[in-house]
Amino acid sequence: DMGGHDTYMHKEISEQPDAVDRVLRGRIDDRFSTVHLGGLNLDAREARTIRRIKILGCGTSYHAGLIGAGLIEELARIPADAEPASEFRYRNPVVDPDTLYIAVSQSGETYDVLAAVQELKRKGARVLGVVNVVGSAIARETDGGVYVHAGPEVCVVSTKCFTNTVTAFALLALHLGRIRDLSVADGKRIIEGLRRLPGQIQEILKQEDEIKKLAKRYADAKSMMFIGRVRGYPVALEASLKLKEISYIHAEAYPASELKHGPLALIEPSLPTVAIIPDDDLLEKNRAALEEIKARSGQILAVAHQEQEKADHTIVVPKNETELDSILMGIPLQIFAYHTALALGRDIDKPRNLAKSVTVE
Ligand code: F6R
245 DMGGHDTYMH KEISEQPDAV DRVLRGRIDD RFSTVHLGGL NLDAREARTI RRIKILGCGT
305 SYHAGLIGAG LIEELARIPA DAEPASEFRY RNPVVDPDTL YIAVSQSGET YDVLAAVQEL
365 KRKGARVLGV VNVVGSAIAR ETDGGVYVHA GPEVCVVSTK CFTNTVTAFA LLALHLGRIR
425 DLSVADGKRI IEGLRRLPGQ IQEILKQEDE IKKLAKRYAD AKSMMFIGRV RGYPVALEAS
485 LKLKEISYIH AEAYPASELK HGPLALIEPS LPTVAIIPDD DLLEKNRAAL EEIKARSGQI
545 LAVAHQEQEK ADHTIVVPKN ETELDSILMG IPLQIFAYHT ALALGRDIDK PRNLAKSVTV
605 E
């Protein structure tokens with residue numbers, strides 16, 4: 245049942261305010277400015293002994309893991325990184341007893357992720373899951389974890405589950421942070437930011453008509469470049485994947501800082517750039533990248549907290565706490581990919597060559 249929407253993707257994008265509300269519900273503890281994660285299975289003493297966190301997933305879940313790693317480093321000050329599960333399992337990784345491993349999966353059935361979890365468990369590692377489907381294979385194989393509560397996702401490409409997974413990582417990062425060195429005041433600030441998310445997502449959804457016009461403008465591009473820095477870079481990766489998957493337009497994502505190390509050679513009027521530019525301490529650096537693109541007559545669509553003078557168009561996103569900004573910045577680009585694919589007459593819910601859950605190697 246699409247509930248009045250033309251596609252599941254549109255329905256699932258629109259459900260995000262409620263979905264995010266669900267991942268937060270019942271977990272916030274205002275008294276100690278932290279969150280309770282019932283299924284984590286990791287007590288405070290154990291949490292303090294973690295030296296490093298390694299996050300594993302595929303596709304969109306890997307991108308959510310990259311944002312998760314950033315949140316954990318920022319809020320909990322634990323070194324963290326994410327890697328595609330398939331790469332990890334084939335390179336005979338060093339499994340370290342002081343590292344906490346986290347497997348991320350919407351379906352909970354992705355074979356490469358499951359195989360990575362099994363290999364880790366065999367070597368005695370502690371593995372948690374950040375999973376959407378309750379009781380799925382990955383949920384069962386892990387030692388504990390955080391359910392994402394996005395609800396069923398039918399469209400082959402992931403939207404609401406990405407947003408909820410990233411929000412679940414914010415909860416985990418806050419939880420670990422408050423066990424370690426995150427102050428009560430910062431905990432409170434993040435909690436208030438989390439509570440603003442559903443309303444802010446609603447505000448983004450209201451911009452659909454304008455985003456649709458932009459999508460139509462760029463729909464005849466042969467290729468698009470997506471750039472961002474630090475918190476914006478994983479958003480660029482995910483937005484570029486979404487565009488590729490459903491519109492079949494070639495897209496690349498680069499850290500804005502890497503442009504001058506090569507991809508700048510591609511910039512010319514027929515290659516538009518989507519720039520993710522949060523209002524953070526990298527704003528000026530990002531603006532400099534826009535100037536470099538403009539100097540080569542590249543078109544720019546910015547996703548930012550304020551109009552960008554150098555951009556041809558800006559999608560303005562509501563500002564949250566800096567640490568949480570990346571949760572919101574991907575959403576207008578889901579809508580952008582959707583309307584680009586629609587303008588090109590693509591089969592949005594079932595893109596060619598793709599399956600919802602990849603249970604093969
Ligand atoms: C992207 C997409 C895929 C999945 C990937 C992992 O829109 O749907 O990239 O994210 O196949 O799937 P899960 O999260 O089920 O492990």
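Take full-length UniProt numbering: the final residue in the sequence shown is number 605, and no numbers are missing along the way. Ideal Cβ positions, reconstructed from N, Cα and C, are used throughout, including at glycine. Because the structure is a prediction, the values reported are computed rather than measured.
- When DSSP states are grouped into helix, strand and coil, Y345 belongs to the strand group.
- For S514, the closest C-alpha among the options G542, T558, S330 and R433 is that of G542.
- Beta-bridge analysis with DSSP links Y498 to I471.
- Contact check between the segment 327 to 335 and the segment 576 to 596: fewer than three CB pairs, one atom from each, fall below 8 Å, which does not count as touching.
- Between L438 and the set D250, L572 and E605, the nearest pair of CA atoms involves L572.
- If you look at P478, you'll find it in the alpha helix (DSSP H) that goes G476 to S491.
- P516: not part of any beta strand (DSSP E); DSSP gives it neither H nor E.
- CA-to-CA, the gap between Q550 and D591 works out to about 34 Å.
- Non-local beta-carbon contacts of H393 in its own chain, meaning distances under 6 Å to residues more than five positions away in sequence, involve R266 and V267 in chain order.
- If you draw a straight line from the Cα of G270 to the Cα of R366, it comes to about 34 Å.
- Rounded to whole angstroms, E605 and Y355 show a C-alpha spacing of 6 Å.
- Here P478 is buried: its Cβ has 16 or more other Cβ atoms, across all protein chains shown, within 10 Å.
- Nearest to L545 by alpha-carbon distance, out of E489, M468 and H505, is M468.
- At a cut-off of 4 residues, the continuous stretches assigned as alpha helix (DSSP H) that sit fully inside the segment 362 to 437 are 381 to 385 and 404 to 423.
- By alpha-carbon distance to Q552, the top candidate from L568, T566, E567 and L527 is L527.
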